[in-house]
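*Asks:* Positions 35 to 251 (my numbering) are the ones given, in order, by the sequence shown. Idealized CB from N, CA, C, for every residue including glycine.
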Amino acid sequence: MSLKHLNLFILFGLISFTTLANKVSISIIANSSSPLESLVVYLTPAQPISNKENHDNLIIAQKNKKFVPYIEVVQKGNNISFHNNDDITHHIYSVSGKNRFDFKIQGRQVKNSPNLNNIGEVAMGCNIHDWMSGYVLVVDTPFFSKTNTQGTAIFNSIPDGKYQLTIWHPQLDAPHNKVSQTITITGNQQLQLKLTNSFLPIPSQESEDDFDFLEDY
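Here you go:
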């Protein structure tokens, strides 16, 4: 499939030297050339890499009746640590796909989800505050990141080889909310990509109703 069909265009790449532990920087811009923040970017190696896993602790807070951050990414087999920073109870759930969970978490408590053993999107909500929404993408690779305020995702210690580069966002207007392209890494690299797909509106995590607690909880 061509880059044109994916609406993903590599503008330039800079290779400095060959190494087994490359630093790869990927910047993503819109048609207007403005940086795109909070996109999940991950690299899936064409050949499996043994003894390489990412067990970074994934923390998602509940703060001011919102999921913070709204989007996160984790490698398959890990879990989510939910930190309720509010003084009220939340009822966290996900019923999408095979990574399902459902539990109450009182104010200032911490609870962990079950291990996320299936790849794909995990859409989260709260049964008490139904405007709350958040997403976690479960990937089958240790090489993942999110773009920062400059629209850049940074990867360290990436071995040489071929990779499928994938960009994902729950509001990205594309099949399965993602676009992909094969790249070859042969040293430290800086890439800039133009993403021409549009984005659907992000739902507002707020309500005009003022309530903190339901009697049944």
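In whole angstroms, give me the CA-to-CA distance for residue 191 and residue 56.
*Replies:* Start at 1 with the first residue of the sequence shown, and residue 191 comes out as number 157. Start at 1 with the first residue of the sequence shown, and residue 56 comes out as number 22. Distance between the alpha carbons of residue 191 and residue 56: 5 Å.
*Asks:* In the DSSP assignment, the beta strand (DSSP E) including residue 136 goes from what residue to what residue?
*Replies:* For the purposes of this step, residue 136 is taken as residue 102 along the sequence shown, with counting starting at 1. Here the beta strand (DSSP E) through residue 136 covers 135 to 139.
*Asks:* Using the Cα positions of residue 168 and residue 58, report the straight-line distance between them to the nearest angstrom.
*Replies:* The count along the sequence shown starts at 1 and reaches residue 168 at position 134. The count along the sequence shown starts at 1 and reaches residue 58 at position 24. Their backbone Cα atoms lie some 28 Å apart in a straight line.
*Asks:* I need the straight-line Cα distance from residue 135 to residue 145, nearest angstrom please.
*Replies:* Working through the sequence shown from its first residue, we reach residue 135 at position 101. Working through the sequence shown from its first residue, we reach residue 145 at position 111. Their Cα atoms are separated by approximately 11 Å.
*Asks:* Out of 174, 125 and 206, state which residue places its alpha-carbon closest to the alpha-carbon of residue 84.
*Replies:* Mapped onto the sequence shown, residue 84 falls at position 50. That would be 174, whose Cα lies nearest to the Cα of residue 84.
*Asks:* Cα separation between residue 95 and residue 101?
*Replies:* In the sequence shown, counting from the first residue as 1, residue 95 sits at position 61. In the sequence shown, counting from the first residue as 1, residue 101 sits at position 67. If you take the alpha carbons of residue 95 and residue 101, they lie about 6 Å apart.
*Asks:* Can you pull the DSSP bridge partners for residue 200?
*Replies:* The residue you call residue 200 lines up with position 166 of the sequence shown. Answer by DSSP bridge pairing, in chain order: 76 and 214.
*Asks:* Can you list, in chain order, the residues of its chain whose CB lies under 7 Å from that of residue 240, leaving out five sequence neighbours each side?
*Replies:* Against the sequence shown, residue 240 aligns to sequence position 206. Around residue 240: 165.
*Asks:* Within its chain, find whatever has a CB closer than 8 Å to the CB of residue 81; leave out the 5 residues flanking it on each side and keep chain order.
*Replies:* Along the sequence shown, read from residue 1 onward, the residue named residue 81 stands at position 47. Excluding positions up to five away in sequence, the list reads 195 and 196.
*Asks:* How is the beta strand (DSSP E) around residue 154 delimited, first residue to last?
*Replies:* Your numbering for residue 154 matches position 120 in the sequence shown. Per DSSP, residue 154 belongs to the beta strand (DSSP E) from 154 to 160.
*Asks:* Closest to residue 98 by CA distance: which of 107, 87, 193 and 117 is it?
*Replies:* If you number the sequence shown from 1, residue 98 lands on position 64. Checking every option, the nearest Cα to that of residue 98 belongs to 117.
*Asks:* Name the residue from 231, 182, 89 and 130 whose alpha carbon lies nearest to the alpha carbon of residue 158.
*Replies:* By one-based count along the sequence shown, residue 158 stands at place 124. Of 231, 182, 89 and 130, the residue nearest in Cα terms is 130.
*Asks:* List the endpoints of the continuous beta strand (DSSP E) containing residue 168.
*Replies:* Taking the first residue of the sequence shown as 1, we reach residue 168 at position 134. Its beta strand (DSSP E) spans residues 167 to 173.
*Asks:* According to the neighbour-count rule (16 or more other Cβ atoms, all chains shown, within 10 Å of its Cβ), is residue 151 buried or exposed?
*Replies:* For the purposes of this step, residue 151 is identified with residue 117 of the sequence shown, where counting begins at 1. That one is exposed.
*Asks:* Going straight from the alpha carbon of residue 76 to that of residue 92, what length do you get?
*Replies:* Residue 76 sits at position 42 when you count from the first residue of the sequence shown. Residue 92 sits at position 58 when you count from the first residue of the sequence shown. Computed Cα separation, rounded: 16 Å.
*Asks:* Measuring alpha carbon to alpha carbon, tell me which residue in 212, 219 and 60 is nearest residue 233.
*Replies:* Mapped onto the sequence shown, residue 233 falls at position 199. When each option's Cα is compared against that of residue 233, the closest is 212.
*Asks:* Quick one: what's residue 236 bridged to in DSSP?
*Replies:* Along the sequence shown, one-based indexing puts residue 236 at 202. Residue 236 is not bridged to any residue.
*Asks:* For the beta strand (DSSP E) holding residue 187, just list the boundary residues, first then last.
*Replies:* Against the sequence shown, residue 187 aligns to sequence position 153. Residues 186 to 192.
*Asks:* Do the CB positions of residue 183 and residue 78 come within less than 8 Å of each other?
*Replies:* Within the sequence shown, the letter at position 149 stands for residue 183. Within the sequence shown, the letter at position 44 stands for residue 78. Cβ atoms of residue 183 and residue 78: not closer than 8 Å.
*Asks:* Please determine, among 208, 177, 147 and 220, the residue with the shortest C-alpha to C-alpha distance to residue 113.
*Replies:* The residue you call residue 113 lines up with position 79 of the sequence shown. The shortest Cα separation from residue 113 among 208, 177, 147 and 220 belongs to 147.
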